[in-house]
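Q:
2 protein chains.
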Amino acid sequence: MEKHEDIDQLVEQYLEAIKSAGFRMTTQRRVIIETLLKNMGDHPNAQELLERAQKVDPSIGIATVYRTVELLNNMDLLNLTNLQEGFRRYEIADENLHIHFYCRCCGSVSHFSADREKEKTVREWAREAGFRLMPQVLEIQGVCENCQAELGDIPEEEYILRCAPGCGRFGRRVSQPPGRGRRRWFRNS
Amino acid sequence: MEKHEDIDQLVEQYLEAIKSAGFRMTTQRRVIIETLLKNMGDHPNAQELLERAQKVDPSIGIATVYRTVELLNNMDLLNLTNLQEGFRRYEIADENLHIHFYCRCCGSVSHFSADREKEKTVREWAREAGFRLMPQVLEIQGVCENCQAELGDIPEEEYILRCAPGCGRFGRRVSQPPGRGRRRWFRNS
DNA sequence: TTAGTTGCAAACTCTTTGCACGAGG
DNA sequence: CCTCGTGCAAAGAGTTTGCAACTAA
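Going down the list, the protein sequences come from chains A and B. According to my numbering, the residues represented by the first sequence are 1 to 189, in order. According to my numbering, the residues represented by the second sequence are 190 to 378, in order.
Here's what the structure looks like:
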C-alpha cells in the first residue's frame with residue numbers, strides 16, 4: 001500500500017488517461033480508481049469494490065463499478081483475474097506481466113510481479129508462437145507450502161486434488177467422495 | 190483427433206478411474222467423456238458439450254454435463270479454461286501442463302502442450318514460491334501473428350488493446366470510444 | 001436392495017442493459 | 001447546452017440445486 005499523496009497523484013494520472021482518451025472525469029470514476037489503487041494486492045471483485053467505494057461515495061451503484069472496470073480494461077489499465085470462483089477479480093495494471101500462484105487447497109494467492117527474467121522467458125514462448133504479449137496476469141495453480149506440509153508425504157500419483165473450502169464455489173458441491181470416512185479426492189493412479 | 194478404438198479404450202480408462210474412486214459408471218458419464226475426448230483441442234463449453242453429447246444420447250441434460258465436468262475436475266482429469274467470455278471451457282487433462290495463446294484481437298486460441306523444457310521452467314518458478322504445480326492450463330494473452338500483420342506498424346505505446354468481436358462478451362459493450370470516426374481503444378502513453 | 005445418479009425446472013449469482021435523470025466540458 | 005455518464009431495476013446468461021424417478025452394483 002502506498003502513501004496517500006502517491007495514490008492521489010496516481011488517481012489523477014489514470015483520470016488524465018481517461019480524459020485524453022475522450023472520456024469524462026467523474027466523481028465515481030475517481031472513487032473507483034482510488035479504491036482499486038488502495039486495494040492493490042487484494043484482488044477485490046465487483047461486490048467488494050462496490051462496498052469499499054461506497055464508503056467514500058455511498059451513491060455509487062454496482063452498474064457503475066462494472067462499467068468503470070470495463071472502461072479501464074478496455075484501456076488496458078486493469079488486469080482481470082479468474083480463479084474459477086464464479087466471478088472476476090480486478091487489479092490495476094501497473095506492470096506488463098504478473099504471475100500469481102493460486103493454492104487449490106486453501107485458496108490463497110501469492111503474487112509477485114514477474115521479474116525481468118520471467119517476463120523475458122514468457123515473451124520468448126509467445127514469440128515462438130508468433131504472439132505479441134499484452135499486459136496480463138498469469139495464474140499458476142498448485143498447492144502452497146503450508147498445505148503441502150499439512151498433507152504430509154503423499155505419493156505423487158495420489159496427490160490430493162480436492163478443492164478445499166476457500167477455493168471458490170466450483171468443485172465443492174456435486175458428488176461427495178463416496179464412503180463414510182473419506183473426505184478427500186485422490187487422483188487415479 | 191485419435192482413432193475410434195483408441196478413444197473407446199481411453200473412455201474405459203477414465204470410467205475405470207471413476208469407478209475405482211467409488212463412483213458409478215453410467216451411460217451419461219461414458220457419453221460425456223467420449224465427447225470430451227473426441228473434442229480435444231476444441232475447448233467446448235458446457236452448452237457445446239451438451240449438444241454434442243446429445244447426438245449420442247439425446248436424453249442427457251445440462252445438469253449432468255455440469256455435474257460430470259465437476260466430477261472430472263475434482264479428480265483432476267479435466268482442465269478448465271476461462272477466457273473472460275462469461276463461461277468456462279473444458280478439456281480432458283492428458284498432460285501435466287498446457288500453454289495456450291489467446292489472441293485478444295480475434296479470439297483465436299493456439300494451444301500446444303508444454304514441452305518438457307517449458308514445464309520445467311514453470312515448475313522451477315513454482316518451486317521458488319514453495320508451490321507444487323497441479324495439472325492445468327496456462328492462458329497467455331496477446332495478439333496473434335495475423336492480427337499483428339493486420340494492425341501494421343503501430344508504436345508500442347499505442348498498441349491496440351481493444352477486444353474485437355470474437356473475444357467473448359467482456360469488453361465490448363459499455364462506452365464506445367468517443368468521437369465519430371474512431372473505432373479502437375488505444376493505450377494511454 | 002439401496003445408495004449414487006439423473007432430468008427437470010426453479011433458484012441463484014454475477015453481469016449487462018434500457019431508460020430517465022444528472023452532470024461534465 | 002449537449003453529450004456522456006449514472007443509478008435503478010429488470011433482464012440475461014451461465015451455473016447450481018431440490019426432488020422424485022431411476023439404476024448400477
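Idealized CB from N, CA, C, for every residue including glycine. Source: prediction; values computed, not measured.
(1) Within a Cβ cutoff of 8 Å, which residues of the same chain sit near B/L322, ignoring the five residues on either side of it in sequence?
(2) Hey, could you find the ends of the alpha helix (DSSP H) A/M28 is sitting in?
(3) Have a look at B/H289 and B/N228 and give me their C-alpha separation to the nearest angstrom.
(4) Give the list of continuous alpha helix (DSSP H) stretches no shorter than 4 residues that lie fully inside the segment 265-347 of chain B.
(5) Quick one: residues in its chain with C-beta nearer than 6 Å to the C-beta of B/D197, no 5 flanking neighbours on either side, listed in chain order?
(6) Compute the beta-carbon to beta-carbon distance between A/I32 and A/L49, rounded to the nearest angstrom, for a pair I have assumed lies under 8 Å.
(7) Report the neighbours of B/M229 on chain A: residues whose CB is nearer than 8 Å to its CB, in chain order.
(8) Give the residues from the segment 300-320 of chain B that approach chain A closer than 7 Å (Cβ to any Cβ), ordered along the chain.
(9) Strictly under 8 Å for the Cβ-Cβ distance: is A/E91 near chain B by that measure?
(10) Would A/E91 pass as a contact of A/N79 if the rule is Cβ separation under 8 Å?
(11) Is B/L327 close to chain A? Criterion is C-beta to C-beta, closer than 8 Å.
(12) Of all the CB atoms in chain A, is at least one closer than 8 Å to the CB of B/M214?
(13) Which of the residues in the segment 51-79 of chain A, read from start to end, lie with their CB under 7 Å from any CB of chain B?
(14) Below 8 Å on the Cβ atoms is my contact criterion, and I expect A/L77 with A/A93 to pass it. Report the Cβ-Cβ distance as a whole number of Å.
(15) Is there a Cβ from chain A that is less than 8 Å from the Cβ of B/I288?
(16) If we ignore side chains and look at the alpha-carbon of each, how far apart do B/E308 and B/P324 end up?
(17) For chain B, find out if any of its Cβ atoms is closer than 8 Å to the Cβ of A/R30; answer yes or no.
(18) Can you pull the chain A residues whose beta carbon is under 7 Å from the beta carbon of B/E339, in chain order?
(19) Is there a Cβ from chain A that is less than 8 Å from the Cβ of B/E274?
(20) On the DSSP bridge assignment, give the partners of A/N45 in chain order.
(21) Does the beta carbon of A/V143 come closer than 8 Å to any beta carbon on chain B?
(22) Can you tell me whether DSSP reads A/R172 as helix, strand or coil?
(23) Within a Cβ cutoff of 8 Å, which residues of the same chain sit near A/M75, ignoring the five residues on either side of it in sequence?
(24) Got a sec? Which residues, its chain only, sit under 8 Å from B/N271 by beta carbon, not counting five neighbours each side?
(25) What is the rounded straight-line gap between the Cα of B/I249 and the Cα of B/V326?
(26) Can you name the start and end residues of the alpha helix (DSSP H) that A/I62 belongs to?
(27) Is the distance from the Cβ of A/T131 to the Cβ of B/G230 below 8 Å?
(28) Anything in chain A within Cβ reach of B/N271, meaning under 7 Å, just list it in chain order.
A: In short:
(1) N285, L286, V311, R312, A315
(2) For the sequence presented, residue 28 of chain A should be read as Gln rather than Met. Segment 27-38, the alpha helix (DSSP H) holding A/Q28.
(3) 16 Å
(4) 305-317, 334-340
(5) none
(6) 7 Å
(7) What B/M229 touches in chain A: nothing, since even the nearest Cβ is about 18 Å away.
(8) K307, T310, V311, W314, A315, A318, G319, F320
(9) no
(10) yes
(11) yes
(12) no
(13) R67, E70, L71, N73, N74, M75, D76
(14) 6 Å
(15) yes
(16) 10 Å
(17) no
(18) Neighbours of B/E339 on chain A: none; closest Cβ ~12 Å, over 7 Å.
(19) no
(20) A/R89
(21) yes
(22) Residue confidence is low: A/R172 scores 38 on pLDDT, short of 50, so the model does not pin down where it sits. Its coordinate-derived value is still stated next. Coil at A/R172, not helix or strand.
(23) A17, I18, A21
(24) R277, R278, E328
(25) 28 Å
(26) 62-74
(27) The question names Thr, but residue 131 of chain A is Phe in the sequence shown. No, they are not a contact pair.
(28) N82, Q84
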